[in-house]
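**Student:** Take the sequence shown: its position 299, counting from 1, is numbered 299 in the UniProt record's numbering, and each next residue is one higher.
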Amino acid sequence: MLVIQATIWGRSVIPGFWSCEQGYAKAGAAKRSCKPLVVRKVSSHLNLFLELLAPVWTASVRSLRVSVEPAEVELDEDDGLLWTSLQTAFPGCSGMYYRERDSDCRSSVKFDGKKFLPPGGAWNDRDYYVTLSQRCHAGLQSLGNYESATRQFERSVNAVQKLLGSNLFEIPYRSRKDTGKTSPDSGLENEKRVVATETAEPQTAIQERERLLQKSGRKLSPIEQQFVDLAKISTGKDVIIDQQREEMRKANEKLIQGEKELRIQQEKCGDMEARLRAMDDELNMLRKLSSEQNYLGDKVKELTTRLLDKETELARTREELEAKNRRLNDELREAREKNSSLALSLETATAKAAELSEQLQLAIVSREVLSNELAQLRPLANAIDINNADGVLAYLDALENAKRHEVQAAKAQAAANEIQSRFDELSELQTSVILDNTRLHARNNELEERVANFEKELQSLNEDWEKQVQKKKQEWEDAHREIETECSCMRKQLVDLQDVLATVTRDATENSRRSNDPLTTYSLV
1 MLVIQATIWG
11 RSVIPGFWSC
21 EQGYAKAGAA
31 KRSCKPLVVR
41 KVSSHLNLFL
51 ELLAPVWTAS
61 VRSLRVSVEP
71 AEVELDEDDG
81 LLWTSLQTAF
91 PGCSGMYYRE
101 RDSDCRSSVK
111 FDGKKFLPPG
121 GAWNDRDYYV
131 TLSQRCHAGL
141 QSLGNYESAT
151 RQFERSVNAV
161 QKLLGSNLFE
171 IPYRSRKDTG
181 KTSPDSGLEN
191 EKRVVATETA
201 EPQTAIQERE
211 RLLQKSGRKL
221 SPIEQQFVDL
231 AKISTGKDVI
241 IDQQREEMRK
251 ANEKLIQGEK
261 ELRIQQEKCG
271 DMEARLRAMD
281 DELNMLRKLS
291 SEQNYLGDKV
301 KELTTRLLDK
311 ETELARTREE
321 LEAKNRRLND
331 ELREAREKNS
341 SLALSLETAT
351 AKAAELSEQL
361 QLAIVSREVL
371 SNELAQLRPL
381 ANAIDINNAD
391 GVLAYLDALE
401 NAKRHEVQAA
411 KAQAAANEIQ
421 SRFDELSELQ
431 TSVILDNTRL
441 HARNNELEER
451 VANFEKELQS
461 LNEDWEKQVQ
471 KKKQEWEDAH
481 REIETECSCM
491 RKQLVDLQDV
501 LATVTRDATE
511 NSRRSNDPLT
521 TYSLV
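Shown next as C-alpha cells:
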C-alpha cells in the first residue's frame, strides 16, 4: 500500500472540489462563504479549468493555503498501481512522480496506459506525489472515451433536469384567493405553472423559476442553488461541446486539406529532389570539367615552362652562335690583316727578288764578261809572261775580282733560291688563306642563314604559341564564366529549394502537431 500526497499552494486549480468544506480550513469560528466554481474558456484549444474563487472572510485574509490529504492506495497482484485506483483517490490527477534523496529533479513513474509500474522493480520507501490538473491519461487514449464521457454527462444532466421538472422539488405553498393584488405567493403560483408546463425545456423553466424567485424576493435553497449552478454549467458545457465539435470538424477539414497540401508538397519535394540530383550530377560534371581545366592549366603551365626553357636555350644558343660568329669574324679580320701584311711582305720580297735577280743577272753578265776577258787574257798572259809586279798585281786583282764576283754570284743565287722558296711559301699560304677565307665566308653565310631561319621559326613559333595561349585562355575564361553563372544559378535554386523544404517541413510539423493534439476528455470531477 502506497501513501501518495498532493499539495497545491495559493490560489490554484483543484479539480474535484465543488464546494468548500468546514474541515479544510481551521479558522476557528470564523464565518465564511464560498462562491461557486465557474467554467472559463481559455486558448484556442478550449481547455476547460475550474477556478476556486477566493472566499470572503469576515477578517481580512490575503491568501489561503489549500492542501490535499495523503492517501493510501492498494496495489494489484503484480505490484502495480492501477490508474483507476489512483483516480479514485485523487480525481483529476494526470501523473505521478517521486524525488530521489541525492537528485535535484523529480523522476516520473512509468505508466503503461493502465497502471503505474514500480521504478526499478520495487516501490521501496519513497514519497510519491501526483500532479493535479484537468488533463489525464484517460483523455489521451482515444476520442471514443471523450464521446462516451460526454454522453454519460448528458444523461446525468438530463436526469437532473427531469428531477427539476417533476413535483419532487416544488416549494409548498398555501392556496389563497385571487384578490387581484400582487403578492409574493403569486410569483410562486406562476413559477409552479411554468415548471409544470415547461417539461420540454427544463433549463428554461429553471431560469424562469430563478427569475420569478428573484422578483418575489425569495432566495433559493442550497440544493436548488446547486442544481441551478449545475444547469448553468451544463448549458455552458453544451455550448462549449458544440463549439469543440465544430472546431474538431474544422480541424479535421484543415487536417485533410493539410494532408492534401502535404502530399502536393511531398510531390514537389520529390520533383525538387530529382532536380537537385540532376543539379548534383551537373555539378559533378562541372567539377570534372574543372578538374580537366585544372589539368589543362597545368599542362599549359608545363608547356609554357618548356617554351620558356626552349626560349632560354635558344637565346643561349643564339648568344653562343653570335659569340662564335664574332670570334670567326675576328679570326677572319686577323687573317685578312695577316694576308694583307703577307701580301705586302710578298710584294716587298718580290721587289727585292726582282732587284736581286737584276743584280744576279748583272753579276752573271759581269762574271761571263770577266770569264771571257780572263779566257782572252790567259793566253795573253801565258803568252806575255807577266813577270813584273804590276802585271802580277793586276792579275791577282783580276783573280780576286773574279772570285769575289763568283762569291757574289753564289750569294745572289742563294738569295734568289731563298726568295723563290719564300715566294712559293707565300703563294701556298696565300692560297690556303684564300681557301680558308672562302670557307669562312661560306660558313658565315650559312650561319647567318641558319640564324635568320631560327629567328623566323622562333618568331612564328612564338606567334603560334601566343595565338594558342590566347585562344585557350579565352576558351577557359568563357567556360569559367559559364561555370560560375551555372553555379550561381544552382546556388539560387538550392536556396529556393531549401526555403521550400523548410516551409514544407514547418507546415508538416504544424499539421502533425495539430493532428497529434486531439481534444482531451472533459470532466467536471
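Glycine included, every Cβ here is placed at the ideal spot set by N, Cα and C.
1. Using CA atoms only, rank isn't needed, just tell me which of 338, 281, 510, 104 is closest to residue 426.
2. Taking 7 Å as the limit between beta carbons, can you name the residues of its chain near residue 177, skipping five residues before and five after?
3. Going by other Cβ atoms of all chains shown within 10 Å of its Cβ, with 16 needed for buried, is residue 87 buried or exposed?
4. For residue 295, count neighbouring Cβ atoms within 10 angstroms of its own Cβ and tell me buried if that reaches 16, exposed if not.
5. In the DSSP assignment, find the beta strand (DSSP E) that holds residue 537 and state where it starts and stops.
6. With contact counted as at least three CB pairs below 8 Å, one residue from each stretch, are the stretch 245-252 and the stretch 469-481 in contact?
7. Please report the residue range of the beta strand (DSSP E) in which residue 63 lies.
8. Which same chain residues end up closer than 6 Å to residue 123 when comparing Cβ atoms and leaving out the 5 residues on each side of it in sequence?
9. Can you tell me which of the three DSSP states residue 115 falls into?
10. Starting from residue 103, trace the alpha helix (DSSP H) both ways and give me its first and last residue.
11. What residues are listed by DSSP as bridge partners for residue 99?
12. Less than 9 Å between the C-beta atoms of residue 415 and residue 356, yes or no?
13. With distances taken between CB atoms, is the gap from residue 332 to residue 405 smaller than 9 Å?
14. What are the start and end residues of the alpha helix (DSSP H) that includes residue 122?
15. Specify whether the stretch 63-71 and the stretch 95-103 touch according to this definition: at least 3 beta carbon pairs, one from each stretch, less than 8 Å apart.
16. I'd like the span of the alpha helix (DSSP H) that includes residue 85, first residue to last.
17. If you reduce the DSSP assignment to three classes, tell me which class residue 175 lands in.
18. Kindly give me the distance between the Cβ atoms of residue 408 and residue 363, rounded to whole angstroms, as I take these residues to be in contact under 8 Å.
19. Between 252, 422, 126, 153, which lies nearest to residue 515 when the distance is taken from Cα to Cα?
20. Could you have a look at residue 94 and say whether DSSP puts it in helix, strand or coil?
21. Taking residue 106 as the reference, give the member of 508, 128, 482 with the closest Cα.
22. Have a look at the DSSP bridge pairing and note the partners of residue 132.
23. Please list, in chain order, all residues of the same chain as residue 506 whose beta carbon is under 6 Å from its beta carbon, the five residues on each side excluded.
24. I think residue 501 touches residue 269, with their Cβ atoms under 8 Å apart; what is that distance to the nearest whole Å?
25. Determine the contact status of residue 423 and residue 353, defining contact as a CB-CB distance below 9 Å.
26. Where residue 512 and residue 272 are concerned, what is the direct C-alpha to C-alpha distance, given to the nearest angstrom?
27. Quick one: grab the DSSP three-state call for residue 80.
28. Please say whether residue 469 and residue 317 have beta carbons closer to each other than 9 Å?
29. Okay, do the stretch 454-472 and the stretch 307-321 touch, 3+ Cβ pairs below 8 Å being the bar?
30. If you check the beta carbons only, do residue 314 and residue 487 fall under 9 Å apart?
31. Please check the pair residue 412 and residue 360, which I expect to be a contact at CB under 8 Å, by giving their CB distance rounded to whole angstroms.
32. For residue 410 and residue 342, I'd like the C-alpha separation in whole angstroms.
33. If we call anything under 9 Å between Cβ atoms a contact, is residue 232 one with residue 153?
**Tutor:** The relevant details are as follows:
1. The residue with the shortest Cα to Cα distance from residue 426 is 338.
2. Legend: pLDDT at residue 177 = 44, less than 50; position of this residue unreliable, no value from coordinates given.
3. By the C-beta density criterion, residue 87 is buried, having at least 16 other C-beta atoms within 10 angstroms.
4. Residue 295 comes out exposed.
5. Residue 537 lies beyond the stretch modelled for the chain, which goes from 1 to 525, so this question has no answer here.
6. Too few Cβ pairs lie closer than 8 Å, so no.
7. Residue 63 -> no beta strand (DSSP E), and no H or E assigned at all.
8. Nothing meets the Cβ criterion.
9. Three-state DSSP puts residue 115 in a strand.
10. Judged by DSSP secondary structure, residue 103 falls outside any alpha helix (DSSP H); it is assigned neither H nor E.
11. DSSP output for residue 99 lists 106 as bridge partner(s).
12. Contact: yes.
13. No, the Cβ-Cβ distance between residue 332 and residue 405 is not below 9 Å.
14. Per DSSP, residue 122 belongs to no alpha helix (DSSP H) and is neither H nor E.
15. Between the stretch 63-71 and the stretch 95-103 there are fewer than three inter-stretch CB-CB distances shorter than 8 Å, so the stretches are not counted as touching.
16. Where residue 85 is concerned, the enclosing alpha helix (DSSP H) stretches over 83-89.
17. Only weak support is given to the placement of residue 175: the predicted model assigns it a pLDDT of 44, under 50, and the value that follows is read from those uncertain coordinates. In this structure, residue 175 counts as coil in the three-state DSSP scheme.
18. Sure, about 5 Å apart at Cβ, within 8 Å.
19. Nearest of 252, 422, 126, 153 to residue 515, Cα basis: 252.
20. Collapsing the DSSP output to three states places residue 94 in a strand.
21. In terms of CA proximity to residue 106, 128 leads the group 508, 128, 482.
22. Per the DSSP secondary-structure output, residue 132 pairs in a beta bridge with 93.
23. Closer than 6 Å at Cβ, skipping near neighbours: no residue.
24. 6 Å between Cβ atoms; contact.
25. Contact flag set, yes.
26. Straight-line spacing of the CA atoms in residue 512 and residue 272 works out to 22 Å.
27. Three-state result, residue 80: coil.
28. No, these two residues do not count as a Cβ contact at 9 Å.
29. Short answer: they touch.
30. Contact: no.
31. Indeed, because the Cβ distance is near 4 Å, the residues count as touching under 8 Å.
32. In a straight line, the C-alpha of residue 410 is about 27 Å away from that of residue 342.
33. Not a contact, by the Cβ cut-off of 9 Å.
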